[in-house]
Amino acid sequence: MPIQEPSKIEDIPQGLCKGLEGILFDIDDTFTRKGKIHPGAFSALWEAKKEGLLLLPITGRPAGWADHIARMWPVDGVVGENGGFYFCFDEATKRMKKHFVVPDPAVREQDRRRLDNLFRDLQEDFPTIRKASDQPYRQCDLAVDFSEDVNPPLTLAEAQEIQQRLEAHGATTKISSIHVNAWFGDYDKLSTCKLFFQQELGIDLEADRSRFLFLGDSPNDVPMFAFFPLSVGVAGVHRFRESGLMGHMPSFVASKEGSFGFEEALGVVLRKRLP
Ligand SMILES: [Mg+2]
Numbered sequence: 045m046p047i048q049e050p051s052k053i054e055d056i057p058q059g060l061c062k063g064l065e066g067i068l069f070d071i072d073d074t075f076t077r078k079g080k081i082h083p084g085a086f087s088a089l090w091e092a093k094k095e096g097l098l099l100l101p102i103t104g105r106p107a108g109w110a111d112h113i114a115r116m117w118p119v120d121g122v123v124g125e126n127g128g129f130y131f132c133f134d135e136a137t138k139r140m141k142k143h144f145v146v147p148d149p150a151v152r153e154q155d156r157r158r159l160d161n162l163f164r165d166l167q168e169d170f171p172t173i174r175k176a177s178d179q180p181y182r183q184c185d186l187a188v189d190f191s192e193d194v195n196p197p198l199t200l201a202e203a204q205e206i207q208q209r210l211e212a213h214g215a216t217t218k219i220s221s222i223h224v225n226a227w228f229g230d231y232d233k234l235s236t237c238k239l240f241f242q243q244e245l246g247i248d249l250e251a252d253r254s255r256f257l258f259l260g261d262s263p264n265d266v267p268m269f270a271f272f273p274l275s276v277g278v279a280g281v282h283r284f285r286e287s288g289l290m291g292h293m294p295s296f297v298a299s300k301e302g303s304f305g306f307e308e309a310l311g312v313v314l315r316k317r318l319p
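Note that this note's numbering has the sequence shown beginning at 45, numbered continuously upward.
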């Protein structure tokens with residue numbers, strides 16, 4: 045089945061922008077560009093905050109980073125480690141709420157040990173793989189680095205072999221351009237996002253999804269693109285069009301990549317909200 049062609053971000057209907065209550069967004073290569081957050085993107089986030097929009101980054105990045113993001117960025121919370129948890133910081137009480145999908149720390153520790161053992165087994169067949177550089181700051185998942193800091197990098201086919209090996213041991217996995225992530229449990233970014241809305245805001249996202257916009261860039265974001273009618277890709281999303289990995293394209297697309305596309309998209313949306 046052919047996948048739909050996204051419309052230009054300028055064509056996003058004004059009525060939908062006016063009815064918007066929040067923006068959910070991926071971080072790597074959506075909010076960042078080549079690993080850096082550019083000032084225009086960060087300013088756009090503040091502008092959206094001033095507009096009273098709910099802001100929620102949804103990322104595969106680790107708990108250690110999420111603590112910083114929830115505390116210091118102008119956001120209402122963060123979903124991290126591919127849905128392993130959400131954190132939100134209460135400004136009034138100065139308390140960080142940490143909700144783990146697997147609530148018992150002892151079970152999480154046990155899971156981490158199982159993942160460590162799986163990793164050691166994998167290293168026997170793939171001696172060049174390493175744990176990702178942000179692994180020490182993770183609470184729930186294992187990130188196997190196959191092409192970020194390892195030299196020479198493994199092929200995508202080898203990464204898929206690693207993925208299959210992890211899945212054969214009961215792990216849930218996700219593959220990105222640099223890491224294979226593995227965890228125990230059937231949660232993902234979308235399910236934990238729904239949990240955040242239900243528990244923290246009393247909103248049934250299933251019913252109210254049209255009041256929120258999602259921004260992303262890659263195959264990892266496909267379930268979110270498929271779920272939110274108001275989905276926006278930064279220009280980098282075109283790179284994956286022919287890969288066979290984009291089962292669902294976003295409805296709208298920015299002309300620029302990463303941070304610059306994020307700034308562009310929020311600029312259009314915020315302008316269309318003006319009276
Ligand atoms: Mg991304």
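Beta carbons: idealized from backbone N, C-alpha and C, even for Gly.
Just so we're clear, the structure is a prediction, and the values are computed from it rather than from any experiment.
Exercise. Got a sec, what are the start and stop residues for the beta strand (DSSP E) C132 sits in?
Worked result: For C132, the enclosing beta strand (DSSP E) starts and ends at 129 to 134.
* Between G277, A176, A251, which lies nearest to E307 when the distance is taken from Cα to Cα? -> Looking from the CA of E307, the closest CA among G277, A176, A251 belongs to G277.
Determine contact between the segment 78 to 98 and the segment 56 to 63, defined as no fewer than three beta-carbon pairs at a distance below 8 Å.
Counting Cβ pairs under 8 Å, fewer than three are found: no touch.
DSSP state of W117, grouped into three classes? Of the three classes helix, strand and coil, the one that applies to W117 here is coil, per DSSP.
- Message: Please output, in chain order, the residues near ligand 1 using a CB cut-off of less than 7 Å to any non-hydrogen atom of the ligand.
- Response: The filter returns D70, I71, D72, D73, T74, G260, D261, S262, N264, D265, in chain order.
Exercise. Just the Cα atoms here: how many angstroms apart are E244 and I67?
Worked result: Using only the alpha carbons, I get a separation of about 16 Å.
DSSP three-state assignment for F228, whether helix, strand or coil = In the structure shown, F228 sits in coil (DSSP, three-state: anything other than H, G, I, E or B).
Once the 5 residues before and after F144 are set aside, which same chain residues still bring their CB inside 6 Å of it? Here the set comprises F129.
Q. Run through DSSP, which three-state label would V278 get?
A. Note: V278 maps to coil in three-state DSSP.
**Item:** Length of the line joining the Cα atoms of A114 and F131
**Value:** Between A114 and F131, the C-alpha separation is close to 6 Å.
Nearest-angstrom Cα separation, counted from T137 out to F284: Going by the C-alpha atoms only, they are around 43 Å apart.
Length-filtered (4 minimum) alpha helix (DSSP H) runs lying within the segment 275 to 319:
Along the length of the segment 275 to 319, whole alpha helix (DSSP H) runs at least 4 residues long occupy 302 to 316, reported in chain order.
Cβ contact (3+ pairs, closer than 8 Å) linking the segment 74 to 84 and the segment 291 to 306: Yes: at least three Cβ pairs fall under 8 Å.
Report all residues from its chain with a CB closer than 6 Å to the CB of P267; omit the five preceding and five following residues, and keep chain order. Cβ neighbours of P267 beyond the five flanking positions: L234.
ask   = For I294, does the count of other Cβ atoms within 10 angstroms reach 16, so buried, or fall short, so exposed?
value = First, the residue type needs correcting, since residue 294 is Pro and not Ile in the sequence shown. P294 sits buried, since 16 or more C-beta atoms from the chains shown fall within 10 Å of its C-beta.
>> Cutting at 6 Å between CB atoms, please list the residues of its own chain near G291, excluding the five before and the five after it.
In response: If we look at G291 and ignore the five residues flanking it on each side, its Cβ neighbours are V266.
Taking Cβ to Cβ, would you say K52 is nearer than 8 Å to F296? With a cutoff of 8 Å on beta-carbon distance, K52 and F296 are scored as near each other.
(request) Measure how close the beta-carbons of L198 and T172 come, nearest whole angstrom, since I'm counting them as under 8 Å. (result) Between T172 and L198 the Cβ distance is about 7 Å, and since that is below 8 Å, they are a contact.
- Query: Tell me which same chain residues have a C-beta within less than 7 Å of the C-beta of Q167, skipping the five on either side of it?
  - Reply: Exclusion of the five residues before and after Q167 leaves I173 as the residues of its chain whose Cβ lies within less than 7 Å of its Cβ.
Does E187 come out as helix, strand or coil in the three-state DSSP assignment?
Note that residue 187 corresponds to Ala in the displayed sequence, not to Glu. If DSSP states are grouped into helix, strand and coil, A187 belongs with the strands.
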